[in-house]
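A quick write-up on the structure given underneath.
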Amino acid sequence: MDFALTETQEMTRRSVRGFVEQEVIPHSRAFDDSQEFPHAWAKKMGELGLFGVFVPEKYGGSGLDSISYAITIEELSRGDASAGVIAAVCNGLVCEPLLRFGNEEQMRKYLVPVARGEWIGAYALTEPGSGSDAAAMRTTAELEGDEWVLNGTKSFATNASVARVVIGYARTGQKKHEISAFIIPTDADGFSVLKKEDKMGIRASDTVSLGFDHMRIPKENLLGELHKGFTIAMATLDGGRIGI
Ligand SMILES: Cc1cc2nc3c(=O)[nH]c(=O)nc-3n(C[C@H](O)[C@H](O)[C@H](O)COP(=O)(O)OP(=O)(O)OC[C@H]3O[C@@H](n4cnc5c(N)ncnc54)[C@H](O)[C@@H]3O)c2cc1C
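Counting with this note's numbering, you get residues 42 to 285 for the letters of the sequence shown.
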């Protein structure tokens, strides 16, 4: 079996390494100290196609394979783990579920801008009372007319204070796994960024709590099937392991 990297994979490594050496490493210490979000890195990563590495080109991505994606995250993290995490969340936790579970309209509206690097995305599963046992979440979503109304608090959401879209999860039934996935535009009424964590490491990657206070999102922003969100969350994290 030939484990040699292909020319495209080698080219990906050279290209990401060049960006990291010129633009990430020289500023890494300063961003880590200040805990400021590195907007310049995010802009450049987006322009280089690093937010949608494995997303097909027709949806704005780079259309590369999983090995190229792993190389991308490895090279970014070599310079600063925060750069790796910012990209890994956009790729693995936002593009991936939109690509696998989104319908055509959702992909056009939300996947394309993230994959093109125009938007940053975030993923909100964890809550103050539910981490490993994610199905114990307390955030609820109720359908009122043509809108879902979400109430609850999410914690440790990476990228969320600078994101335009969040893949979020909420309880839609009484049974433990009756959870659904939602595409949440961060300009939704009732969405707010609460506390920013003061972390010991990867400090340039922002990690925040989110409040959903009677937050209203369109009915069509349900991602995948009703009550199937827990499966989506777990499937997303399986793929997300490549990057995180
Ligand atoms: C930097 C950072 C970024 C993050 N980004 C995101 C994000 O973008 N989106 C998001 O939704 N979440 C995010 N998280 C949250 C992360 O997914 C949770 O921290 C994780 O799920 C663990 O939850 P917890 O911290 O509540 O720990 P707990 O679940 O309370 O676990 C604490 C300890 O108990 C152990 N433990 C738990 N259950 C058992 C058991 N049944 N048996 C034995 N041991 C057990 C665990 O292994 C761990 O050592 C982030 C966290 C960090 C630190």
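The beta-carbon is built from N, C-alpha and C at its ideal position, and this holds for glycine as well.
Given GLY7, which residues of its chain have a CB within under 7 Å of its CB, disregarding the five upstream and five downstream residues? Because residue 7 is not part of the residues shown, which for the chain are 42 to 285, the question remains open.
CA-CA distance, THR248 and MET52? Here the alpha carbon of THR248 sits roughly 32 Å from the alpha carbon of MET52.
Can you look up VAL135 in the DSSP assignment and give me helix, strand or coil? Here VAL135 carries a helix assignment [DSSP, helix/strand/coil].
State the Cα-Cα distance for the pair ALA201 and PRO226, rounded to the nearest angstrom. Each residue's alpha carbon lies about 11 Å from the other.
Secondary structure of MET275, DSSP reduced to three states: In this structure, DSSP gives MET275 a helical state, which the three-state scheme calls helix.
Please classify SER75: is it buried, with 16 or more other beta-carbons within 10 angstroms of its beta-carbon, or exposed? With fewer than 16 other CB atoms across the displayed protein chains lying within 10 angstroms of its CB, SER75 is exposed.
From the DSSP secondary-structure annotation, give me the bridge partner or partners of VAL234. Per DSSP, LEU251.
Please report the straight-line C-alpha distance between THR181 and ASN192, rounded to a whole angstrom. If you take the alpha carbons of THR181 and ASN192, they lie about 5 Å apart.
Check each candidate in SER109, GLN50, ILE127 and HIS218 and name the one with the smallest Cα separation from ALA81. Ranking the options by Cα distance to ALA81, first place goes to ILE127.
Determine whether the beta carbon atoms of TYR210 and ILE220 lie at a separation below 8 Å. One thing to note: TYR210 has its Cβ within 8 Å of the Cβ of ILE220.
When you measure from the CB of ALA83 to every non-hydrogen atom of ligand 1, does any distance come out below 7 Å? ALA83 Cβ: outside cutoff for every heavy atom of ligand 1.
Every unbroken alpha helix (DSSP H) inside the stretch 74-159 [4 residues or more]: The stretch 74-159 contains these whole alpha helix (DSSP H) runs: 80-88, 107-120, 122-129, 137-142 and 153-156.
Residues near PRO79 by beta carbon distance below 6 Å, same chain, minus five either side: Result list for PRO79: PHE72 and ALA245, in chain order.
Please name the residue or residues paired with GLY162 in a DSSP beta bridge. According to the DSSP secondary-structure assignment, GLY162 is paired through a beta bridge with VAL206.
GLY59 burial status per 10 Å Cβ neighbour count (16 or more: buried): Per the 10 Å Cβ criterion, exposed.
On the DSSP bridge assignment, give the partners of ASN192 in chain order. Paired residue(s): THR181.
What is the rounded straight-line gap between the Cα of ILE291 and the Cα of GLY231? Any property of residue 291 remains undetermined from this structure, which presents the chain solely from 42 to 285.
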